[in-house]
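If you read the sequences in order, they're chains A, B, C and D.
So for the first sequence, my numbering puts the first residue at 3; every next one is plus one.
So for the second sequence, my numbering puts the first residue at 62; every next one is plus one.
So for the third sequence, my numbering puts the first residue at 15; every next one is plus one.
So for the fourth sequence, my numbering puts the first residue at 83; every next one is plus one.
Every residue, glycine too, gets a C-beta built ideally from N, C-alpha and C.
Keep in mind the model is a prediction, meaning the values are calculated, not measured.
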Amino acid sequence: MTGLPALTILVAMPLLFGVATLLLPSGNDRAVKVLGIVGTSAVFVWTVLIMGAFSTGAPGMQFVEVREWVPVIGMTYHLGIDGLSLPLVFLASLLTLLCAIYSWRLKEQVKTFFFLLFLLQVGMIGVFIALDGIMFYVFWEIVLVPMFFMIGIWGGERRRYASVKFFIYTLIGSVVMLLGLMLLYMWGPKTFDLVEIAKWGQAGKFGMQQQLWIYGCLFLGFAVKVPIFPFHTWLPDAHVEAPTVGSVLLAGVLLKMGGYGFLRISLPALPYAFKYFSFSLGLLGVIGIVYGAAVALTQKDLKKMVAYSSVSHMGFVVLGIASATVAGIDGAVMQMFNHGIITGMLFFLVGMIYERYHTKEIARLKGIVTTIPVLGVIVAFASFASLGLPALSGFVGEFMTLFGGYQAFGWVAGISVIGIVLTAAYFLRMLQQCVFSPPTEDSAICEMPCELRATEFLPLVPLMSFALFLGLYPQPFLAIINPAATALAAIIGR
Amino acid sequence: MYLNAWLAWSPEIVLTLAWAGMLVCGALWPRTHPYMRHATLAALLIALGLAGLVAANAHSLYGLYFSEAAKLDSVTTFGRLLFGSAGVLVVLASWDVHGEENAVEFFGLFVLSLLGEVVIVSGQNLLMLFLGIELLALPTYALIAIHKTRARAIAAGLKYFLLGMFASVVMLYGMALLYGSLGTISYVHALFPDPSHLSAARLGVLQFAFFFLILGLGFKVTAFPFHFWSPDVYAGGSTQVVAYISTVPKVAIMLAIFRILGPAFSTGYPIAKWFLIAIAVLSMVYGNIVALMQDDVRRMLAYSGVANTGYMLIAIIAGGADSQAALLFFLVVYTFGNLGAFFVVLGMGEDRHITIGDFDGLARRYPVLALAMGCFLFSLAGTPPLAGFFGKFALFKSAVAHGLPLLALVGLVTTVISVGYYLKIASNMYGDLVQRDLPEGRAIERIPVPLRIALVLAVTATLVTGVLGIPLFLGAL
Amino acid sequence: MVPPIAFLILGAVVFLLAMIGFLTRRSLVQALMCLELMTSAVALTFLALGRALGDRSMTGMVFATFCMVISAAEIGMGLALVLLYFRKHGSTSTDDLDLMKG
Amino acid sequence: MPVALTAALVPILPAAAFVLLVVFGRRLGERSGWVAIGALAGSLACAVVLLVRALSAEGEPVVHATFRWATIGRFGLDFGVYVDGLSASVLLMVAIVALMVFVYATGYMHGDPRYPWFFAVFSLFTCSMFALVTSANLLQLMVFWEVMGLCSYLLIGFWFEREEARRASIKAFLTTRVGDMGFLLGVVVLLARVGTLDIPVLMRAGETTARPVLLIACLLLFCGAVGKSAQFPLHIWLPDAMAGPTPVSGLLHSATMVAAGVFLVARMYPVFEVSGALPFVAGAGIASAVFGASLALTETDIKRTLAYSTMSQLGYMMAALGMGGYVAAVFHLITHGFFKSLLFLSAGSVIHGSETQDVREMGGLAKTMKITSIVYLVGALALAGIPPLAGFFSKDAILVSMWAPDAKVATQALGHPLFFAALATAMLTAFYMFRQYFMVFTGPEQRHAHESPRAMLVPMVVLAVLTSVAGAINLPGLFPKLGELLVPGEVENALWWLMLLSASAAATGVYIAWEQNRSRLEGAHDRNGTFGLERVYGSVFIQPVFAVSDFLRRLNIDDIVQRTVLDPVVATSDFLRRMDIDVVYMAVFVRLTSALAEGLSRVDVYVIDGAVNLIGRAGLRIAAALRLVDIRAIDGGVNAVGGGTAAIGGWLKRLQTGVVANYALFMLLFGIIIFYVAKGLAR
């Protein structure tokens, strides 16, 4: 690994595989699928290798590649990875691989699909390893296009509306974020190199007023992506219409880009503004937790319920980030990872249910555990993981963000426990109605064959293992995040 | 020196010769008509090659020529290459349409207008600018009107002509006033001097002069209040010509504007600056919002053109070297994106309005065409990693860097609006790729091979500029 | 000797009148004539300015000359288009609203 | 075997059984029960070893071994095992009871289609209780606390085909979760303020941390205990939890779920002591004790009656803890574990045999179910506090602790009212238990019943024996082994008069029950509703209590919760869902934008094109007039090649110049306006 530009390879690999997908002769779907799985596996293996070579104790960037690129616009070629980004990169490669496996039974437009999947992976991984503002933004936006097509092509009935809404809504946020990045450039060190900008910010060279303005601009971009209440309204629509794989990656990885942005850019570059707004941000996080859970409680559509649960869960991420304490940041990254794992699993499951019952209406789904015991049990498992049951990974992140929130904001953070209770309520209600219930006459009927296929079961296994393992023993994972989180918290002085 | 001049302007000489040859042959031997397109293409390719050679010998050939009336520099070279390549694409797109009928008129006029554009870009005084504009404009009036079947094309041409002439004359009066108040028409150094050297009366006259000048130039680039002709003409004219006039002339004039307004402009002439800012903002806002409501794709593209003009004006207002680089890059992006989009419309059929609904299910039935259109749309919308993003990014960054963050904000927000109508087409094209619950769109006749080549070239240009071209363009210039 | 300013005023007045004519005339040909008149007014202005400024490079005169050249080309083009239009639509009943919409 | 491993094995063995049964359960079939039992037996053996060690440890912890579970900045969370006298004794009780219940369950669950799944979850349930008891870290304790909640959810809802089971399982999970949120916050506060969650360190937190902080933290922790131990007002899940299979109730009500709350307070006792939270604990405890007993009075479901008695007994323990009766509470926890599991298992046997849960439909079962009736009697006597059964001693210890509270935590002024309330409750307890006993086992036989299989009877008998002798572990003054184990060096004094008093209170209760039963049998025609209340003589005392009980039943706290908490929450959620801000956004932004766009394009269409059309139409009129005047001239002109200019003019007048002139005008006008605006801006 040493000597090789590991991160360039990491982000180039999916791109090359994507192009290779396009070059395959049309008509041979099987070959495309094999290539898709091989490609995503290769990326995953490479990620694991990087993870293995990553030295855990060091707080700084590793595998750094830095080069002049386009000096006219102040752009550098700067890649690097640290404890914040590594888990998210891992998440992105893992979920893409699982999505590729899950898509084994895709029948139409296979080539397009896998190309989009690879393109999506380029963006997802790129965002987390880019250390240049422009590269960051480019990867950030690259993600939109394949997702737009995934929703627009394989989506549900209102896919056109949903895809355009998704695109435009998130774009509004990100263009304003782009303005923020430009202001960082203009008022800062006249380069888009995020490391330089962070140094500049920590040296206190941004004026207070400047910091507030830039923070506001960046906030909008990140907030829409996370999504932070009240910028979350694109999420349910996008999720409900998106195909399974789209939902998995949307919830699993795309939402994390917002939280990551706060940690990577806002906090190190704008410590004053971050501190200034930290309470408001935390409050928004708490509101998101309670609000998302409250709205999820009466949803009639299974997928929409899970979508709102994302709003609630990402609220914890926001709370943790806002606290800017070690525990909060640790917890936020942990929670991002967990949410990716668990909600990804839930969306896979919703997809499987929909495929079998042709409905996502909670009222019409009954007796899953009696018809398909394995599916039912896994749904229950995922639900409990999602509602933050201790011993499963969701709890660890929630606890740590809550702890960080308490350290920073005191009792206000405590309000979020209402959200936890409500989360339990809507998941249990769903379980009671759909899974642990006898089938009735008017309930939807499972189309044969009901049993899970290997390509469906396989993606669930690693997700379940992670949910369990990280819940039982999070230390190895925390050891990766901790140095970076400690360094970040030190900037704010918490 | 003479030899140098011949060498330096050899591309234009080749084109002029080709033009003359085409006219003579066309008049004498009607059998040569089908070969006019070949001649044009060859001439363009040769001219491009020569332009490249000239650029390679920049150290000995760059400089002022013809009593400081024309300047050969990197901007001129840029113009030559861009106009030439765009010209090649347009010729390919017109290959069958104007292959035999009206061939002499069409290709002759076309070459003439290209020459006009080079004059505009290389010119160093107002007279050259005026001549260039007329040389460009007069052929395009006719080109719009030349159409095999469509009666409306002539009406459109007439409308374009009358309004265009009106704008030119008003601009001409503005030039006269400029001459009167400044005492010179040359902008080799700077047309607008430091205002402290001018008397109050002259400054007063200068205001009128500037207004008239911008009216004339704004008309050609379809800036906001001077754009009214463009939707009508775009919808009425023949598509390949519309593709041409929506891009290349705009590029030429934009470059000219950049040359005219010197460094003193942005600090010394606040009224002029605010005038341009107002025009830019209104163009972006108005163009994008009205485009959102259009159903006819060509009208939509016309309004999107208005909006893009607004974006280009941002660079002009910002001024400075980085803005120039940004502008040049954006112009390339805009040219290929817009040309490509019009070519797709051309490929979908000439006989009637192409509406957004016609794109329903295009991706399923004509995947390559849809892919190309998607490419152009996303580039125009400014989505990374396509070229459009870097173009817009560079523009907005230059605005921020020159202390105009709010202007950049307007640009960014209106970009989002623009995505609305671009995506409407994209989602129509791809909406029923898998689920087929939508009505069938329009059936398409076979797309001629030259047009296909043109499309492929445009796609390549869009992709290559985006992915690889950034350092090339932004770094080198 | 008449001072140059008088010619300038004359040029401005003619330009303005021609412009008003262009804006109000309903006849195509009249509009073309108005355009010609405007061009002439500009040419006059250039000449007057050239003299007023005492420009030795004769910029004003050159400009005025080119004004004439262009206006000749312009009227040729204009009439050709008008004629073409007339021919196309001559024998059929014209759908003018179509034209209005472009 | 190192002692740390021994301690770790206690929860690990059932956990292994859980994994084994989940994976191979289907293949094992009904053998899976024995797998679970085998694992549990191993745990029991380990627990015995631990207790033996604890007895010789003289107050020092037997085991304290940890590993780093998570590092959060400067905070380290070390999970592991920590066993001292308290955990060792509770562990043994849990192991014994659980083993008995497991054996019982092999009989009870026989033939159930989800038999392996039942034992899997049951193992996990036990495992989490073990792990909770041996936790070295408060967060670890909380983790298993919640896992136990999950298991209770799964077990209560085991027969999810029944609507009530599903409802009850959700209710149990959610209600306890409400309390758990307090627990969670308490843990957060402790970690933030004390800086550690290691239980041995936390127990000395009073030395380093301010009292108000600890008070808040302890009250929050206590919320969790209230939820788990079904204390007022979070007790509502407990009666409904009867919807699960009886072995579940047997374990849940004695050794695991509800015991956890009391254990938590006992575990954190030093902190509670310092913080000043104990009076609150006492208050909540005694309220639950009285409340539970009163609710049990008018209950007719055999298991629900027992459930209310659990609530009441747990209230006792809490109250004892609150009054400083630490040893008494743990003592009662242990004895209660035995006799309550005994009672539930016997009740299960009764239900199994008579196939009803309503005591009014039973009667005379002693004839057919002899063993069951005997062991039930033993349990009932123990619960009522009749000497020399275990319940008598432990209840007595509690009463002692109230009469003479620990001076550090409470005064006698607080203790005496509590004492009398507890005494009255003891009498009520004896009353409702024996009323139930008489109704079920004596009197005329109402339906055919049969004795339960041996697999069920054997554990019951074993438990009955244990119930009879368990009091011996802490005979006040004679053999205070438990007290020595828990609090070395402190000698509890026995109050003989108090023993007498409590025994006689219990006896009074039994007597009233007997009397009432007699009167009931005499007027057998009136068996509905209130047990012929009006005929109870000598009930000057009991009458108002019944009235209160009836009132409480009518009040229906569930309904209140439903109306005051759940309904508004659901309504809010529904409101939010309907009025999602998306709608507002749509209204404000999208509509605004599209209105703007519409408006602008109207400007284009109507103002500009409209003006154009207007003029165009005017032109048309003129042309029409022209046509009228000289139609031939025009036709002629049209047909003539390159016709006269006038004709062209006429043509184009109609068509073209209107548009052009207007466009040109607009260019000028708009341009001038913008220019002047710019001029204003420039200034």
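Alpha helix (DSSP H) runs wholly inside the stretch 234 to 260 of chain A, at least 4 long, in chain order:
Runs found: 236 to 243, 246 to 251.
Keeping to the same chain, check which residues put their C-beta closer than 7 Å to that of V569/D; ignore five residues upstream and five downstream.
Cβ-Cβ distances below 7 Å link V569/D to Y408, V409 in the same chain, with the five nearest sequence neighbours on each side left out; the list follows chain order.
Cβ closer than 8 Å: which chain A residues qualify as neighbours of T654/D?
Within chain A, the residues whose beta carbon sits less than 8 Å from that of T654/D are A296, listed in sequence order.
Closer than 9 Å by beta-carbon distance: list the chain A residues that pair up with L470/B, in chain order.
Neighbours of L470/B on chain A, chain order: V177, V178, L181, C219.
Tell me whether the beta-carbon of T417/D lies closer than 8 Å to the beta-carbon of G435/D.
Cβ distance not < 8 Å, so T417/D and G435/D don't count as in contact.
Skipping 5 residues on each side, what residues in its chain have a beta carbon closer than 8 Å to that of T396/B?
L143, A147, T308, V309, V312, listed in sequence order.
For K207/A, count the other beta carbons within 10 Å of its own beta carbon; 16 or more makes it buried, fewer makes it exposed. Which is it?
That one is exposed.
Spatial distance of A66/C from T245/B (CA atoms)
When only Cα atoms are considered, A66/C and T245/B end up about 13 Å apart.
Beta carbon proximity, V367/B to chain A, threshold 8 Å:
For V367/B, the answer is no, since every Cβ of chain A falls outside 8 Å of its Cβ.
Note the first and the last residue of the continuous alpha helix (DSSP H) segment covering M315/B.
Element bounds for M315/B: 309 to 321.
Could you compute how far the alpha carbon of C219/A sits from the alpha carbon of A426/A?
C-alpha of C219/A to C-alpha of A426/A: approximately 35 Å in a straight line.
Assuming A389/D and C300/D are in contact, meaning their beta carbons sit under 8 Å apart, how far apart are those beta carbons, in whole angstroms?
For A389/D against C300/D, the beta-carbon gap comes to about 27 Å, at or over 8 Å, which does not count as contact.
Residues of the stretch 319 to 341 of chain B with a CB closer than 9 Å to any CB of chain D: list them in chain order, please.
Listed in chain order, the positions of the stretch 319 to 341 of chain B with a beta carbon within less than 9 Å of a beta carbon of chain D are Y330, P331, I332, A333, K334, W335, F336, L337, I338, A339, I340.
Please list, in chain order, the chain B residues whose beta carbon lies closer than 7 Å to that of Y186/D.
Residues of chain B with a Cβ closer than 7 Å to the Cβ of Y186/D do not exist; the shortest Cβ-Cβ separation is about 57 Å.
State the DSSP-derived secondary structure class of R617/D, mapped to helix, strand or coil.
Its pLDDT being 48, under 50, R617/D is placed unreliably in this model, and the value from its coordinates should be taken loosely. In the displayed model, R617/D falls within a helix according to three-state DSSP.
Might you give, ordered along the chain, the residues of its own chain that have their beta carbon closer than 6 Å to the beta carbon of G92/C, omitting 5 neighbours on each side?
If we look at G92/C and ignore the five residues flanking it on each side, its Cβ neighbours are L46.
Cutoff 8 Å: I23/C Cβ touching any chain B Cβ
Not closer than 8 Å to any Cβ of chain B, the Cβ of I23/C fails to qualify, so no.
How should W319/D be labelled, buried or exposed, when 16 other C-beta atoms within 10 angstroms of its C-beta is the threshold for buried?
By the neighbour-count criterion, in which 16 or more other beta carbons inside 10 Å mark a residue as buried, W319/D falls on the buried side.
For chain A, find out if any of its Cβ atoms is closer than 8 Å to the Cβ of I94/D; answer yes or no.
It does not: the Cβ of I94/D has no partner Cβ on chain A nearer than 8 Å.
Quick one, which of M509/D, T88/D, E228/D, E597/D has its alpha-carbon nearest A585/D's?
Checking every option, the nearest Cα to that of A585/D belongs to M509/D.
What in chain B is Cβ-close to F151/A, meaning under 7 Å?
Contact note: F151/A reaches chain B through Y491, using a C-beta cutoff of 7 Å and chain order.
Beta strand (DSSP E) segment containing Q644/D, residue limits:
Careful: Q644/D lies outside any beta strand (DSSP E) and carries neither H nor E.
When burial is assigned at 16 or more other CB atoms within 10 Å of the CB, is L447/D buried or exposed?
With 16 or more other Cβ atoms within 10 Å, it is buried.
For W151/D, the first and last residue of its enclosing beta strand (DSSP E)
Membership of W151/D in the beta strand (DSSP E) is indicated by the continuous run 145 to 154.
In whole angstroms, give me the CA-to-CA distance for N219/D and L159/D.
Approximately 8 Å between the Cα atoms of the pair.
Segment limits, beta strand (DSSP E) that includes M149/A:
Unbroken run through M149/A is the alpha helix (DSSP H), 146 to 156; no beta strand (DSSP E).
Compare the C-alpha of P446/B against each of E70/A, G128/A, T10/A, A295/A and name the closest.
Of the listed residues, the one whose Cα sits closest to P446/B is G128/A.
Assuming R70/C is part of the beta strand (DSSP E), what are its boundary residues?
Looking at the DSSP string, R70/C is not in any beta strand (DSSP E), and its letter there is neither H nor E.
If you pair each beta-carbon of the stretch 438 to 450 of chain A with each one of the stretch 365 to 380 of chain A, do three or more pairs fall below 8 Å?
Yes: at least three Cβ pairs fall under 8 Å.
Who are F157/D's beta bridge partners in DSSP?
F157/D is bridged by DSSP to I154/D.
Assign D357/B to buried or exposed, taking buried as 16 or more other Cβ atoms, counted over all protein chains shown, within 10 Å of its Cβ.
Here D357/B is buried: its Cβ has 16 or more other Cβ atoms, across all protein chains shown, within 10 Å.
Would you be able to state if there are at least three C-beta pairs under 8 Å between the stretch 379 to 399 of chain B and the stretch 443 to 462 of chain B?
Because the criterion of three Cβ pairs below 8 Å is met, the stretch 443 to 462 of chain B and the stretch 379 to 399 of chain B touch.
Pick from W156/A, I11/A, L196/A: whose alpha carbon is nearest that of T78/A?
T78/A has its Cα closest to that of L196/A, out of W156/A, I11/A, L196/A.
Measure the alpha-carbon distance for P478/A versus G41/A and round it to whole angstroms.
CA-CA distance, P478/A to G41/A, rounds to 28 Å.
Where do the ends of the alpha helix (DSSP H) carrying E355/D lie?
Counting along the chain, the alpha helix (DSSP H) containing E355/D begins and ends at 351 to 357.
In whole angstroms, what separates the C-alpha of V242/A from that of A309/A?
Taking the straight line from one Cα to the other gives about 8 Å.
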